[in-house]
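To convert, count from 1 in the sequence shown and add 11; that's my numbering. Glycine residues also receive a C-beta, built at the ideal position from the N, C-alpha and C atoms. Have a look at the structure below, then the notes.
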Amino acid sequence: MIPSIPTAPSPHNTHYERLGGDAAIVRLVEAFYRHMDTWPGARGIRAMHEADLTATRAVLVLYLREWLGGPKDYSAQRGHPRLRMRHGGFAIGAAERDAWLACMQAALQAVDADAALQAELMAAFFKTADWMRNTDTRTAPQHPLSLTTLKEAP
Numbered sequence: 012m013i014p015s016i017p018t019a020p021s022p023h024n025t026h027y028e029r030l031g032g033d034a035a036i037v038r039l040v041e042a043f044y045r046h047m048d049t050w051p052g053a054r055g056i057r058a059m060h061e062a063d064l065t066a067t068r069a070v071l072v073l074y075l076r077e078w079l080g081g082p083k084d085y086s087a088q089r090g091h092p093r094l095r096m097r098h099g100g101f102a103i104g105a106a107e108r109d110a111w112l113a114c115m116q117a118a119l120q121a122v123d124a125d126a127a128l129q130a131e132l133m134a135a136f137f138k139t140a141d142w143m144r145n146t147d148t149r150t151a152p153q154h155p156l157s158l159t160t161l162k163e164a165p
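Shown next as structure tokens:
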């Protein structure tokens, strides 16, 4: 079962809308990959991607739009996300999860998401990112929400 984002109090106040809609998601994805390109702790996960991130960025924008409660274009174009299947060829452990989370937290900060929204989204991102682990799965999940802690991890 894919972890989901907790429902917003009102169907008219989705995470998608609270973040700022399409424009904010595009900025979020740009900041996410910019951070992945520049933070030394993200080298491992950056190496899992193609050199040209154009297509990858577009897919993540589509996915996040839908996942956050916006337009359902990802499913219409690509079907069910099947995240574990799509990432199955990559060794994903706690270090990769935490590097991904650090990049996403930095991106949320870069787009000036409010603190409450950041906390909600990081909790949901953690569930999904931890569920993606396919190595060292016997270790109990830790919930690292501090960018400082994530960036200082080995």
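Checklist entry - How about Phe43 and Ala118: are their beta carbons less than 8 Å apart? => result The count along the sequence shown starts at 1 and reaches residue 43 at position 32. The count along the sequence shown starts at 1 and reaches residue 118 at position 107. In this structure, Ala118 lies closer than 8 Å to Phe43 by Cβ.
Checklist entry - Is it true that the CB of Ala102 sits closer than 8 Å to the CB of Thr146? => result The residue labelled residue 146 in the question sits at position 135 within the sequence shown. The residue labelled residue 102 in the question sits at position 91 within the sequence shown. Yes, the pair counts as a contact, with Cβ atoms nearer than the cut-off.
Item to check | Complete runs of the alpha helix (DSSP H) confined to the region 49-80 [at least 4 residues] | outcome: 54-57, 65-78
Checklist entry - Which two residues bound the contiguous alpha helix (DSSP H) that contains Ala121? => result Within the sequence shown, residue 121 is the residue found at index 110, counting from 1. It spans 105-121 - the alpha helix (DSSP H) in which Ala121 sits, taken as one unbroken run.
Next on the checklist: For Ala140, report the span of its alpha helix (DSSP H) as first-last.
Outcome noted: On the sequence shown, position 129 is the one that residue 140 refers to. Its alpha helix (DSSP H) spans residues 126-142.
Checklist entry - Which stretch, first to last residue, makes up the alpha helix (DSSP H) that contains Ala87? => result On the sequence shown, position 76 is the one that residue 87 refers to. First-last of the alpha helix (DSSP H) with Ala87: 84-89.
Checklist entry - Is Gln88 near Leu75, with beta carbons less than 8 Å apart? => result Position 77 of the sequence shown holds residue 88. Position 64 of the sequence shown holds residue 75. Result no, Cβ atoms of Gln88 and Leu75 do not sit closer than 8 Å.
Item to check | Residue of Gly100, Trp111, Arg54 minimising C-alpha distance to Val40 | outcome: Residue mapping note: residue 40 aligns to position 29 of the sequence shown, counting from 1. Out of Gly100, Trp111, Arg54, Trp111 has the C-alpha closest to the C-alpha of Val40.
Item to check | Spatially closest choice to Gly31 from Leu128, Ala53, Ser86, by CA coordinates | outcome: As a working mapping, residue 31 is identified with position 20 in the sequence shown. Nearest C-alpha to Gly31: Leu128.
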